[in-house]
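Note that UniProt numbering has the sequence shown beginning at 1, numbered continuously upward.
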Amino acid sequence: MPTTSLGWGLLGAGGIAGAFARDLIPRGHRVVAVGSRDADRASAFADRHGIPHAHHGYQALVNDPDVDVIYVATPHSHHLEHALLAIEAGKHLLVEKAFTITGDEAQTLADAARARGVFVMEAMWSRFLPTMVAVRERIAAGDLGELLSVTADHSQVLDLSPGSRMIEPSLGGGALLDLGVYCVSLAHDLLGPVTRIQASGVVDDAGVDHRGAAILDHEGGGISTVTFSMEALGANSATVVGTAGVIELQPSFYEWVRYSRRSSGDRSALVESYEPERDGRGMQFQAAEVERCIASGRLESELMPLDESVAIMRVMDEIRRQLRG
Numbered sequence: 001m002p003t004t005s006l007g008w009g010l011l012g013a014g015g016i017a018g019a020f021a022r023d024l025i026p027r028g029h030r031v032v033a034v035g036s037r038d039a040d041r042a043s044a045f046a047d048r049h050g051i052p053h054a055h056h057g058y059q060a061l062v063n064d065p066d067v068d069v070i071y072v073a074t075p076h077s078h079h080l081e082h083a084l085l086a087i088e089a090g091k092h093l094l095v096e097k098a099f100t101i102t103g104d105e106a107q108t109l110a111d112a113a114r115a116r117g118v119f120v121m122e123a124m125w126s127r128f129l130p131t132m133v134a135v136r137e138r139i140a141a142g143d144l145g146e147l148l149s150v151t152a153d154h155s156q157v158l159d160l161s162p163g164s165r166m167i168e169p170s171l172g173g174g175a176l177l178d179l180g181v182y183c184v185s186l187a188h189d190l191l192g193p194v195t196r197i198q199a200s201g202v203v204d205d206a207g208v209d210h211r212g213a214a215i216l217d218h219e220g221g222g223i224s225t226v227t228f229s230m231e232a233l234g235a236n237s238a239t240v241v242g243t244a245g246v247i248e249l250q251p252s253f254y255e256w257v258r259y260s261r262r263s264s265g266d267r268s269a270l271v272e273s274y275e276p277e278r279d280g281r282g283m284q285f286q287a288a289e290v291e292r293c294i295a296s297g298r299l300e301s302e303l304m305p306l307d308e309s310v311a312i313m314r315v316m317d318e319i320r321r322q323l324r325g
């Protein structure tokens with residue numbers, strides 16, 4: 001259950017905003033407003049989810065006195081613009097991933113949040129799911145020994161037809177920003193900062209990446225391998241390997257899934273089988289983290305700090321640079 005009575009405002013009325021509302025509202029979080037550039041769309045969204053206020057335009061949303069924290073649910077090509085609008089209004093923020101388009105944009109957003117004194121966090125919702133909490137607990141307890149590697153794949157069949165956002169450069173199209181970000185974020189979370197990047201893939205004539213892979217070296221000696229595609233369905237699993245054991249996250253690894261833990265001495269011997277008791281998609285956990293932080297006076301989350309969001313975006317910058325040759 002939520003820890004505060006903060007009022008949430010949804011900036012954007014698309015599919016991801018709907019998923020967010022469906023997870024939060026039934027579990028007691030206060031979603032009080034939605035804003036869209038299309039007044040009819042905002043009203044229909046509010047009616048569908050039982051939200052009290054529907055605003056025509058984002059300025060009206062950020063000016064709503066009942067809104068304490070805003071969830072930015074527009075395409076990532078517009079995240080910086082919309083986040084700065086909310087920050088200027090003094091609102092706390094949860095910004096959908098990918099956090100921005102580039103590392104420089106991410107740094108601009110972080111600097112603005114700190115200067116204004118508002119809470120801002122990237123909505124990498126998978127970090128806050130009970131599955132990932134359990135994985136980090138096993139790592140902290142030493143059950144995997146020294147971490148050596150992470151492998152992760154996120155590959156789906158997305159809409160690549162003419163006019164689709166996924167192939168439009170101005171809207172941040174491409175597999176890496178939409179899909180690969182989950183893999184890079186997982187590796188960064190578990191193995192730490194990246195020191196070297198080797199990437200290759202397929203890019204179209206407009207410079208949009210359709211599929212790719214990267215090998216990342218991390219501080220401390222860990223190595224991660226990430227693959228991503230918007231052209232075909234892939235494994236969508238992840239494996240975390242240590243000197244004492246291995247955790248295999250089932251598809252889709254970034255969701256509220258089960259995992260298997262095995263000993264490094266005998267891969268056939270199952271040490272632990274984690275079976276989650278799901279309650280919705282699980283986007284409510286990141287909202288609870290935002291509310292806990294704000295209630296305690298913290299302006300950043302220890303699990304998803306701003307400097308890490310910036311660092312991840314810079315890794316993504318370099319992967320895209322290498323993909324484009």
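No residue lacks a Cβ here, since even glycine has one placed at the ideal position from N, Cα and C. None of these values were measured; they are calculated from a predicted model.
Closer than 6 Å by C-beta to Gly-282: which residues in its own chain qualify, once you throw out the five before and the five after it? Chain order, please. Leu-129 and Trp-256
### Query
Near Ile-167, what residues of its chain come up, given a Cβ to Cβ distance below 6 Å and the 5 sequence neighbours on each side ignored?
Excluding sequence neighbours, Ile-167 sits near Leu-160, Gly-173 and Val-208.
Rounded to a whole number of angstroms, what is the C-alpha to C-alpha distance between Asp-153 and Ile-223?
15 Å
Worksheet item: What three-state label does DSSP hand Thr-227 in the structure shown?
Response: strand
Checklist entry - How is Tyr-71 classed by DSSP in three states: helix, strand or coil? => result In the structure shown, Tyr-71 sits in a strand (DSSP, three-state: E or B).
| task | Determine the extent of the beta strand (DSSP E) in which Ile-215 is found, giving its start and end residues. | result | 209–218
Exercise. In chain order, what residues of the same chain have a beta carbon less than 7 Å from the beta carbon of Ala-42, not counting five sequence neighbours either side?
Worked result: Ala-13, Val-34, Gly-35, Ser-36, Ala-54, His-55 and His-56
> Just to confirm, are Val-95 and Gly-9 a CB contact at a threshold of 8 Å?
Replying inline: Going by C-beta atoms, Val-95 is not nearer than 8 Å to Gly-9.
Could you check which residue in Gly-28, His-76 and Lys-91 has the C-alpha nearest to that of Gln-59? Lys-91
Quiz prompt | Boundaries of the alpha helix (DSSP H) in which Gly-245 is found, first to last residue | solution = That residue, Gly-245, is in no alpha helix (DSSP H); its beta strand (DSSP E) goes 245–249.
Contact check, Gly-245 vs Leu-148, beta carbons under 8 Å: Taking a C-beta distance under 8 Å as the contact criterion, Gly-245 and Leu-148 do not qualify as a contact pair.
### Distance CB(Val-120)-CB(Ala-238) smaller than 8 Å
no
Exercise for the section: Check Gly-297 in the structure and name its three-state DSSP category. Expected result: coil
Exercise. In three-state terms, what does DSSP make of Val-118?
Worked result: coil
Start and end residues, alpha helix (DSSP H) containing Asp-40: 39–49
Asp-178 burial status per 10 Å Cβ neighbour count (16 or more: buried): A buried status is given to Asp-178, since no fewer than 16 other beta-carbon atoms sit within 10 Å of its beta-carbon.
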